[in-house]
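K.L.:
Residue numbers (the numbering used here): 65 to 248.
1) Tell me which same chain residues have a C-beta within less than 7 Å of the C-beta of residue 196, skipping the five on either side of it?
2) Using a Cβ-Cβ cut-off of 8 Å (strictly less than) and excluding sequence neighbours within five positions of residue 137, which residues of its own chain qualify?
3) Would you tell me roughly how many angstroms separate the C-alpha atoms of residue 224 and residue 200, rounded to the nearest one?
4) Using CA coordinates, which residue listed in 130, 149, 191, 157 is at the minimum distance from residue 243?
5) Among 141, 171, 140, 185, which one has its Cα closest to the Cα of residue 157?
6) Tell me the residue span of the alpha helix (DSSP H) that contains residue 71.
7) Relative to the C-alpha of residue 153, which candidate in 189, 140, 182 has its C-alpha closest?
8) Quick check on residue 96: does DSSP put it in helix, strand or coil?
Here's what the structure looks like:
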């Protein structure tokens, strides 16, 4: 019998989707190991099919959403599922870091409204899938009162004039690190 700590170390090198799929139903020990560990607190979902993600969502994300501290979604359909309805993010009460790769701008306003209410949330990374028409997204970011780290990657159409953004309502911000990769 190997110690639980050895399994935890091995699991850290694997994608949680594969750990769950390969070990969860193997026996009672592995089920308890996964249910009672901190492994399921950092969820990084990069390349996964829609059907596999739907299983992953039902069997891993939903039962563990109160424990998840980091959530990374890299496919637009994962965002559709996780944030439908958008207020589902309120159930992720331990969420500290949210990374959304290839997210569509249409989701952001509603998601921002709910991020305001997460008690531990402080880090946001956004990589936008489509062109932005205005820089109002920055106003939404500055509304996040607990945000300390932010990285945003976006693109605008060539020769598209952007309206100025006025931050006069925001005297201060808790943001300590703000990385902008896009035209300003």
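Positions of the beta carbon are idealized from the N, C-alpha and C atoms, including for glycine.
P.N.:
Straight from the coordinates:
1) Taking the chain shown and counting its residues from 1, the one referred to as residue 196 is at position 132. 169, 218, 220, listed in sequence order.
2) Translated into the one-based positions of the chain shown, residue 137 becomes position 73. The answer, listed in chain order, is 109, 143, 146, 163, 164, 165, 167.
3) Start at 1 with the first residue of the chain shown, and residue 224 comes out as number 160. Start at 1 with the first residue of the chain shown, and residue 200 comes out as number 136. One alpha carbon belongs to residue 224, the other to residue 200, and they sit about 15 Å apart.
4) The count along the chain shown starts at 1 and reaches residue 243 at position 179. The option with the nearest alpha carbon to residue 243 is 191.
5) By 1-based counting over the chain shown, the position of residue 157 is 93. The option with the nearest alpha carbon to residue 157 is 185.
6) Within the chain shown, numbered from 1, the residue matching residue 71 stands at position 7. 68–76 is the extent of the alpha helix (DSSP H) around residue 71.
7) Taking the chain shown and counting its residues from 1, the one referred to as residue 153 is at position 89. Answer by Cα proximity: 182.
8) The residue you call residue 96 lines up with position 32 of the chain shown. Looking at residue 96 - three-state DSSP - the assignment turns out to be helix.
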